[in-house]
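Student: Residue numbers (our numbering): 602 to 833.
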Amino acid sequence: MEQGAEDVPVVYLHDIKRQYTQGAETLTILDGARLALWAGQSVALVAPSGAGKSTLLHIAGLLETPDDGEVYVGGAPTSQLSDIERTMIRRSDIGFVYQSHRLLPEFTALENVMLPQMIRGLKRAETVKRATEILAYLGLGERIKHRPSELSGGEQQRVAIARAVANAPRVLFADEPTGNLDPHTADHVFGALMQLVKATRVAMLIVTHNMELAGRMDRRVSLAEGKVVELD
């Protein structure tokens, strides 16, 4: 896969295999899974509990290493990279949003969004400017000085989204990002995610049980016998 070519997926999983050992039993979770994620495209991953959704997400996000197969990011293989090199890719190219917002309670919304940029080495003035712009874009311009405990559930999750895209990642992974929210708030947060995908051309893979939200995304995939299958 030639890096830099326009027809290369942002992330490509090729023949991914992952097994776990429980006592004397070996469980095959992923068995030759393939998935391409393209710039500006939203993909819903819907499958029963235990099918391997989180495992696939963690492998695609370089948080976990497959037993076999290859994860390409921007056309470049990652299996032979060191832990430090994988961490650098996660910092620069990958964003994560979880079901729980995981915001740092002692910091304001603005500071929570600044932190990933400061870890990456950007100057404070630049991080303040970018964090303020992202939060305002997500409708939180008046809430930037509030701590998580002073924000609603939907506001907290939008701050988490802002933090995930603070370093302008190429791909965004979300694990049940609206799972803890009421339907109205979930719809609002989902709308913010979709707005970001279209505005920034980030690729997005969301694990969700919400079929109504999944139906509004560009693609829907599932897992069957350890392989990724396209729905519809």
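Ideal placement from N, C-alpha and C gives every residue a C-beta, glycine not left out.
With DSSP run on the structure shown, which of helix, strand or coil describes D788?
Tutor: helix
Student: Would you say M567 and L773 are within 7 Å of each other, going by their C-beta atoms?
Tutor: Because the chain is modelled from 602 through 833, residue 567 falls outside the range shown and cannot be assessed.
Student: Relative to the C-alpha of D669, which candidate in G754, E831, K618 and I807 has its C-alpha closest?
Tutor: For D669, the nearest C-alpha among the options comes from K618.
Student: From L614 to A634, what distance separates their C-alpha atoms?
Tutor: C-alpha of L614 to C-alpha of A634: approximately 7 Å in a straight line.
Student: If you follow the beta strand (DSSP E) that G696 is part of, which residue opens it and which one closes it?
Tutor: I695 to V698
Student: On the DSSP bridge assignment, give the partners of V647 in chain order.
Tutor: For V647, which the question treats as bridged, DSSP gives no partner whatsoever.
Student: Any contact of the stretch 689-704 with the stretch 773-786, i.e. 3+ C-beta pairs under 8 Å?
Tutor: yes
Student: Measuring alpha carbon to alpha carbon, tell me which residue in R764, A800 and E756 is nearest L782.
Tutor: E756
Student: For G624, name the three-state secondary structure that DSSP assigns.
Tutor: Residue state for G624 is assigned as coil, using DSSP reduced to three classes.
Student: Determine the extent of the alpha helix (DSSP H) in which K724 is found, giving its start and end residues.
Tutor: Note, K724: premise wrong, no alpha helix (DSSP H); not H, not E.
Student: When DSSP builds the beta bridges, which residues end up paired with R619?
Tutor: L631
Student: Taking the continuous beta strand (DSSP E) assigned at G755, which residues delimit it?
Tutor: Element bounds for G755: not the beta strand (DSSP E) but the alpha helix (DSSP H), G754 to A765.
Student: According to DSSP, A775 sits in a beta bridge with which residue or residues?
Tutor: V698 and I807
Student: What's the call for S643, buried or exposed, on a 16-neighbour Cβ count within 10 Å?
Tutor: buried
Student: With a threshold of 16 other CB atoms inside 10 Å of the CB of R709, please say whether the residue is buried or exposed.
Tutor: Before going on, a small fix: residue 709 reads as Thr here, not Arg. Under the 10 Å beta carbon count, T709 is surrounded by 16 or more other beta carbons and is classified as buried.
Student: Per DSSP, D669 is paired with what?
Tutor: K618
Student: Apart from the five residues just before and just after A767, which ones in its own chain have a Cβ nearer than 6 Å to its Cβ?
Tutor: Excluding positions up to five away in sequence, the list reads V714, P717 and Q718.
Student: Among P770, E671 and E686, which one has its Cα closest to the Cα of S680?
Tutor: E671
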